[in-house]
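In the UniProt record's numbering, the protein residues as written are 1 to 75. Don't be surprised by glycine CBs; every beta carbon is placed ideally from N, CA and C. A quick write-up on the structure given underneath.
Have a look at this one:
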């Protein structure tokens, strides 16, 4: 049963991969948008940061789920 919990925790941590890919795509598109329209840099940056924060939150939730799975089974 411990092996199944470890596999579930590992799958939960994989949300970090999705967050990394999402943030990198958003950053690339923001840089492209700023290059095309420099006067909108402030608005583009704000929207990109909001998207990055939301994507990073999913990675943190995955980490919390993994920690809960591991430490509740140990207790």
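Residue state for residue 37 is assigned as coil, using DSSP reduced to three classes. Collapsing the DSSP output to three states places residue 71 in a helix. When the beta-carbon positions are compared, residue 27 and residue 58 stay at least 8 Å from each other. Within the same chain, no Cβ atom closer than 6 Å to the Cβ of residue 39 is found once the five residues on either side in sequence are excluded.
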